[in-house]
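**Q**
Numbering (the working numbering), first residue to last: 318 to 834.
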C-alpha cells in the first residue's frame, strides 16, 4: 500500500462487499474504500478521488485479479451512463448481493431475525423489461475522450440520459437495453429528424431551446404512448415534429405533447395536449377474478417492470391471507393498482395517496373494472390517517403500505402503532428506510415473512415485502417466555461486519438515469 500527497493511492485492495449505492467496498487498515465498478472478489489498485478522514471514494486503476462474478458489460454506454451499473456482474451474483443487502439492512438497522427470509424472486427478463423511459434533449452533450470542445464542427446536441452528478450534461444514447422496440428506433428517428430540421435542444442552465424531454410508455396490450415535451418551440416546429411521428410511426396509439417553460422538468402541473389518440394507454394484469385493466396517462405512476409488478402484487395479496371479509387500508396507493388488484378478495379497500391526480386515476381504474368496494382519498398521509379517519371508516383488518424511498413519516408509523391492525404488509423499494420503520413497529409487531423481489436487473435496487402480525398480549398466567422473546440485543452484539463500517459516511447519491427505479 502506498499513498500520494494530494490523493490516496492503494495497491492490491481486495473488494469484500457492496455498499448500498452499488459500489464495491474494500479496506486498507481502518480506511474504507467505496470503489466504482468494483465487484466482491476483485483485487485491484485504487485511486481515491474524494477523501474524508476514515473513508474515500475511488476508482480502479488496474484490475489485478477479476472476481468470479465479473462478466463483460453488454452495453456500449456502460461506465458513463448512470443506468444498469451492475451489468458487469452475473445476474446470479446480482441476486445474491441484493438478498444480502436486504438481510443486512433488516438485521443491522431493525435488529430483526432474517434467518427465515425467502429467496429473492428473480426477474424473468433482465433486458428490455421497462415499460417507461424518459429522455432529455440538451445542447450540452457529454464528450468522450478524444473529443475536443474547441472543434467548431462538433455536434453538441444530445438526446439521452443525465450523466450521474452532472445535471447539465446529457449522454447521447444510441441503444438502450431497458425498453423494447420501438423505443430505440423512435428515439433515434426523432433525433435525426430534429437535427436535420434545425430544432434547438434545451439549455439546462440558460433555460432556452425548443425541445426538452421525450417520454415513451409501452404496455402488455401493445399500446404505445409518446409524449414530446417542448419548451420554447414555435407552432410550426410542434406541428412538423408531431406530424412526422404520426406518419412514420403509425403504431403509436397515444401521441401527446406538453409545453413546459418552467425551470424544472416536472410535468404534473402542466397541460397535456393530444395530437393523436386518447391521453392514455392500458395495462392488464391477470387475477383469479379475471383480467384487471389499469388506465395509464402521461402523469400516472405505474411500476416500470410490468411482469414483476404482477408478482409483487401477488405476493402482497398472498401475504395478507385474505378470507373475503377484510377491511383493508392501502397506504400510498398511487393509482390504486394494489387496491384494485386485491379488491376482489376483500370486503372493502380504502386507499390514501398524496397526489390528487393519482387518486383520480385510482377511481377510474376501479370504474373501468366495475369494482365497487374501493374508496380513495387524497392528502398528506400523516394528516389523513387520523383517529377520526379510522373512526369513520373502521379499524382495518389489514394495512398495506407501499411508501416512497424515504419510507413512512414518523407520525404515520406512530399512527400504525395506535391503530393496531392485526396485519401489516409493508412493501418497500428501500430496505434501509423500511428497516428504520420496522425497528419502531417491532415493539408491537412480529416479522413473519420477508420476500425480496428483483424489479430492476443490473441495478442495485430491490423491492422487499414484509408481513407483520400484531403481537399477542399474554395474561400474567400465560406469560411464560417463548423462544421468540429472546432479547433482540443479541443481534447487535455480533462481531461487526465490514458492511456496517461505512453506515454513516455513505457515498453521495446521484440521480438515477432512467427515472422511477
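By construction, the Cβ of each residue, glycine as well, lies at the ideal position given by its N, Cα and C atoms. Fair warning: this is a prediction, and the values are worked out from it, not measured in the lab.
How is residue 794 classed by DSSP in three states: helix, strand or coil?
**A** Note that residue 794 scores 41 on pLDDT, short of 50, meaning its location in the model is unreliable; the coordinates nonetheless yield the value given after this. Correct three-state label for residue 794: coil.
**Q** Give me the Cα-Cα distance between residue 533 and residue 559, rounded to the nearest whole angstrom.
**A** 14 Å
**Q** Contact defined as beta carbons within less than 8 Å: I believe residue 366 pairs with residue 354. What is the distance between those atoms, to the nearest angstrom?
**A** Not quite, the Cβ-Cβ distance comes to about 13 Å (not below 8 Å), so this is no contact.
**Q** Taking the continuous beta strand (DSSP E) assigned at residue 331, which residues delimit it?
**A** 325–335
**Q** Of all the options 404, 337 and 327, which has the alpha carbon lying nearest to the alpha carbon of residue 746?
**A** Check the Cα spacing between residue 746 and each of 404, 337 and 327: the tightest is with 337.
**Q** Compute the distance between the beta-carbons of residue 742 and residue 767, then report whether it is under 8 Å.
**A** The answer is no: Cβ separation not under 8 Å.
**Q** Under the rule that 16 or more other beta-carbon atoms within 10 Å means buried, what is residue 391, buried or exposed?
**A** exposed
**Q** Is it true that the CB of residue 499 sits closer than 8 Å to the CB of residue 578?
**A** no
**Q** Since residue 739 sits in a beta bridge, which residues does DSSP pair it with?
**A** Paired residues: none, contrary to the question.
**Q** With burial defined as no fewer than 16 other Cβ atoms inside 10 Å of the residue's Cβ, what is the status of residue 478: buried or exposed?
**A** buried
**Q** Let me know if residue 585 comes out buried or exposed under the rule of 16 or more other beta-carbons within 10 Å of its beta-carbon.
**A** exposed
**Q** Kindly indicate which three-state DSSP category residue 435 falls into: helix, strand or coil?
**A** Coil, per DSSP.
**Q** I'd like the list of long-range same chain contacts for residue 606, defined as Cβ closer than 7 Å, with 5 residues on each side in sequence excluded.
**A** 661
**Q** Compare the Cα-Cα distances from residue 759 to each of 403, 730, 400 and 484 and report the closest residue.
**A** 730
**Q** At what residues does the alpha helix (DSSP H) containing residue 505 begin and finish?
**A** Where residue 505 is concerned, the enclosing alpha helix (DSSP H) stretches over 500–513.
**Q** Determine the burial state of residue 722: buried for a count of at least 16 other Cβ atoms within 10 Å of its Cβ, exposed for fewer.
**A** exposed
**Q** From the DSSP secondary-structure annotation, give me the bridge partner or partners of residue 379.
**A** 362
**Q** Is the beta carbon of residue 666 closer than 8 Å to that of residue 690?
**A** yes
**Q** For residue 494 versus residue 444, is the C-beta distance shorter than 8 Å?
**A** yes
**Q** Excluding the five sequence neighbours on either side, which residues of its own chain have a C-beta within less than 7 Å of the C-beta of residue 404, listed in chain order?
**A** 390, 391, 392, 395 and 775
**Q** Taking 8 Å as the threshold, find out whether the stretch 668–688 comes into contact with the stretch 644–653 through three or more Cβ pairs.
**A** yes
**Q** List in chain order: all unbroken alpha helix (DSSP H) runs of 4+ residues lying wholly within the stretch 511–586.
**A** 552–565
**Q** Compare the beta carbon distance of residue 596 and residue 611 with 8 Å and say whether it is the shorter of the two.
**A** no
**Q** Smallest Cα separation from residue 615: which of 627, 634, 570 and 649?
**A** 570
**Q** Between which two residues does the beta strand (DSSP E) harbouring residue 593 extend?
**A** 590–593
**Q** Looking at C-alpha atoms only, which residue of 348, 757 and 580 is the closest neighbour of residue 369?
**A** 348
**Q** Thinking residue 357 and residue 332 are a contact (beta carbons under 8 Å), I'd like their distance in whole angstroms, please.
**A** Correct: roughly 5 Å between the Cβ atoms.
**Q** Let's test the definition: count the other Cβ atoms within 10 Å of the Cβ of residue 679 and tell me whether it reaches 16, buried, or not, exposed.
**A** buried
**Q** Considering only C-alpha positions, which residue in the set 753, 709 and 757 is nearest to residue 422?
**A** 753
**Q** Go ahead and label residue 751 buried or exposed: buried means 16 or more other beta carbons lie within 10 angstroms of its beta carbon, across all protein chains shown.
**A** buried
**Q** When the Cα of residue 589 is compared with those of 448, 572 and 437, which residue comes out closest?
**A** 572
**Q** Please report how far the alpha carbon of residue 482 lies from the alpha carbon of residue 399, in whole angstroms.
**A** 9 Å
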